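Student: I am attaching a structure below and will ask some questions about it afterwards.
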Amino acid sequence: MSLFHFLSYSFMQRAVIAGSFIAALCAILGVFLVLRRLSLIGDGLSHVTFGALALGLFFKVTPIYVALPLVVLSSLGIIKLTDAQRIYGDAAIGIVSALGIAIGILLVSITKGFNIDLFSYLFGNILAITKAEVWMSIILAITVIMIVAFFYYDLVVVTFDEECAQAEGINTKAVNKILVVLTAVTVVLAMKVVGIMLVSALLILPTVTALQIAKGFRMTLLAAVIIAVVSVWIGITLSFFLDWPSGATIVLVNFTLFIISYLYRKIKK
Amino acid sequence: MSVISLAVDRVTVKYQANEVLSGISFTVSAGDYIGIVGPNGSGKTTLVKTILGLVSPEQGEINILGTRQSQFKNWQRIGYLPQKLTSFNPHFPATVREVVSFGLLAGKKFPKKISRTDEVAIDKALALLEIRNIKHKLISELSGGQQQRVMVARAIVGDPELLILDEPTTALDPETRERFYAILKELNEKRKVTILLITHDIGTIGKYAAKMLYLDKKIIFYGGFDDFCASPDITEYFGEYAQHLICHRHDGPKNVNKK
């Protein structure tokens, strides 16, 4: 029996395909978010996703259909709060994040019976991803990647120096909105891969690993995507053979690659 | 008659109740080299940010390169170097070449691309700032002086008609600073770039700039360095001794007021 026999299972094929697309997407956006010190926005929005999913399960609506618009709206809310004077960006993320968690906990506590569903969203299970979810992941991932490609240079210039970009006539507010909305969509998609609790890891870890080894912005993006996708492949494989939870395994593989790249850089110095 | 590059007309800027600039009016002709000086908190940075549209004035009007600021769209005709090198992320993983290319993107239509002509412009800017040898290095690996040169290359790569620099020499050692001023002079004289430069270094800028604009929430003085040294307004403002010290460093004017 071949080592890659496990890939003949259709659920494994679905997991690898959807996981690769979502991981690549997280890595691309993660580079922009980490460099702008906005990486915790992923964490904040994943907490909103928790509240939105609870709402969906409460009203018996497919959770993702509730989560997508609500998380996108929350991401714009964070931008609005940050623009308001006297509220710092991290505090704005904290406000929206706490609200999401509070609503989620409230709905879970007043309604019994859907806690098991919510558990699968909290910790993710890509091995249980459906065909429809795979298609949705692919379509949304390609759409988001195309939008990033279209606005690539504006995103890069604003990430490098927002004040300069604004002085050069770039609509930095619009660019910021595009970035957080794309992040919101990505966070909702990524919850199936690693779960709400670990979404921010998919945004942060491939980038910080790439930053240890890559030279130049394009190389960093490319390295982050490769690291993210390879982590998903290794994570899913280990999860299959060792019967480990897939989300946590993917994150631990990512972390291991980060440690290796960090040590490589230290030794190279 | 000379072409007016910039006209600032009765501009007042307030941060909440605090008036930072009060009724500022001046014009800059094409090809001028203006040194903007003044004490800390005098509104120098606010003035250039207002010109660039980053700060909205309470009152007044600004005309840039013949167009009212509210209608001005060709921001790529202006090069800008902000006050602190820390305005950008020092750990950003871009190479020198990539950073300089950012200066060409503002005027482009979507989807933006770096063309073959842009590559030539990038090479020229790198050569002018004498940083071609480090073009493949990461910006984070450079010294403060080298980073400053990269940022100037970014500001000039689009061949701007007006170049605005906010305290560009703070990270530079004296030798590099002199070389930097010489490069600006070359840009001004050979390429006819109009320059507005904020600095605390009045003596040095006096050697290079054609005019000085002394700001302290309002304009205290606007004119040539020799006139600055001879101005009774400046004598009254600084006191005779301080004025003499400033002008003495310049070694130029022989007509410092001595009462």
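Protein sequences, first through last, are from chains Z and Y. Per the numbering used here, the very first residue in the first sequence carries number 1; after that it's consecutive. Per the numbering used here, the very first residue in the second sequence carries number 1; after that it's consecutive. Quick reminder that beta carbons are idealized off the backbone N, C-alpha and C, glycines included. Bear in mind that the values here come from a model prediction, so they are computed numbers and not experimental data.
1. What does a CB cutoff of less than 6 angstroms around Ala7 (chain Y) pick up in its chain, not counting 5 residues either side in sequence?
2. Can you tell me whether Arg36 (chain Z) is buried or exposed? The criterion is at least 16 other CB atoms within 10 Å of its CB, across all chains shown.
3. Spell out the partners DSSP gives Ala7 (chain Y) in its beta bridges.
4. For Glu141 (chain Y), count neighbouring Cβ atoms within 10 angstroms of its own Cβ and tell me buried if that reaches 16, exposed if not.
5. Would the beta-carbon of Pro168 (chain Y) fall within 8 angstroms of that of Val152 (chain Y)?
6. I'd like to confirm the pairing. Which residues does DSSP put opposite Asn321 (chain Y) in its beta bridges?
7. I need the DSSP call for Phe11 (chain Z), collapsed to helix, strand or coil.
8. On the three-state DSSP scale, how would you describe Val193 (chain Y)?
9. If contact is defined by three or more beta carbon pairs under 8 angstroms, each pair taking one atom from either stretch, is the segment 76-94 of chain Z in contact with the segment 143-162 of chain Z?
10. Looking only at its own chain, which residues have a Cβ that is under 7 angstroms from the Cβ of Ile79 (chain Z), when we skip the five neighbours before and after it?
11. Taking CB distances under 8 angstroms as the criterion, tell me whether Glu168 (chain Z) reaches chain Y.
12. Do you know how far the Cα of Gly203 (chain Y) is from the Cα of Pro253 (chain Y)?
13. Who are the Cβ neighbours of Ile234 (chain Y) in its own chain at under 8 angstroms, not counting the five residues just before and after it?
14. Can you list, in chain order, the residues of the segment 236-262 of chain Z whose Cβ is nearer than 9 angstroms to any Cβ on chain Y?
15. Relative to the C-alpha of Lys211 (chain Y), which candidate in Y:Lys218, Y:Leu81, Y:Asp226 has its C-alpha closest?
16. Tell me the DSSP bridge mates of Val37 (chain Y)?
17. Can you say whether Ser56 (chain Y) is buried or exposed, counting buried as having 16 or more other CB atoms within 10 angstroms of its CB?
18. May I have the straight-line CA-CA distance separating Ser137 (chain Z) from Ala27 (chain Z), to the nearest angstrom?
19. What is the residue span of the beta strand (DSSP E) that Gly124 (chain Z) lies within?
20. Determine, using beta carbons only, whether Asp161 (chain Z) comes closer than 8 angstroms to chain Y.
21. Rounded to a whole number of angstroms, what is the C-alpha to C-alpha distance between Gly145 (chain Y) and Phe119 (chain Z)?
22. With DSSP run on the structure shown, which of helix, strand or coil describes Leu73 (chain Z)?
23. Run the CB neighbour count on Pro39 (chain Y), radius 10 Å, all protein chains shown included, and call it buried at 16 or more, exposed below.
24. Quick check on the burial criterion: 16 or more other C-beta atoms within 10 angstroms. Buried or exposed for Tyr264 (chain Z)?
25. Is there at least one Cβ from chain Y nearer than 8 angstroms to Val157 (chain Z)'s Cβ?
26. Would you mind listing the beta strand (DSSP E) stretches within the segment 42-106 of chain Y that are 3+ residues and don't spill past its ends, in chain order?
27. For Phe221 (chain Y), write down the residues that DSSP places opposite it in a beta bridge.
28. According to DSSP, simplified to helix, strand and coil, what is Leu172 (chain Y)?
29. Using three-state DSSP, classify Ile164 (chain Y) as helix, strand or coil.
30. Grouping DSSP H, G and I as helix and E and B as strand, with all else coil, what is Leu129 (chain Y)?
31. Listed in chain order, which residues of the segment 79-98 of chain Y have Cβ atoms closer than 7 angstroms to some Cβ of chain Z?
32. Closest by CA to Ala132 (chain Z), which one among Z:Ile64, Z:Ala248, Z:Leu257?
33. If Arg149 (chain Y) sits next to Ile131 (chain Y), beta carbons under 8 angstroms apart, how far is it from one beta carbon to the other, in whole angstroms?
34. If distances are taken between C-alpha atoms only, which option among Z:Leu189, Z:Val187, Z:Phe151, Z:Met191 comes closest to Thr172 (chain Z)?
35. Under a three-way DSSP split, which group does Ile170 (chain Z) fall into?
36. Under a CB-based cut-off of 8 angstroms, is Ile4 (chain Y) close to chain Z?
Tutor: Taking the coordinates as given:
1. Thr27, Asn63
2. buried
3. Y:Thr27, Y:Asn63
4. exposed
5. yes
6. Chain Y is shown only over 1 to 259; residue 321 (chain Y) falls outside these bounds and no answer can be derived.
7. helix
8. coil
9. no
10. Asn176, Lys177, Val180
11. yes
12. A caution first: Pro253 (chain Y) carries a pLDDT of 45, below 50, which makes its placement in the model unreliable, though a value can still be read off. Pro253 (chain Y) and Gly203 (chain Y): Cα-Cα distance of roughly 11 angstroms.
13. Tyr214, Ile220, Phe221, Phe228, Gln243
14. none
15. Y:Asp226
16. Y:Tyr214
17. exposed
18. 15 angstroms
19. Segment: none, Gly124 (chain Z) is in no beta strand (DSSP E) and carries neither H nor E.
20. yes
21. 54 angstroms
22. helix
23. exposed
24. exposed
25. yes
26. 59-64, 78-81
27. Y:Tyr214
28. coil
29. strand
30. coil
31. Tyr80, Pro82, Ser87, Phe88, Asn89, Phe92, Pro93, Ala94, Thr95, Glu98
32. Z:Ile64
33. 5 angstroms
34. Z:Phe151
35. coil
36. no
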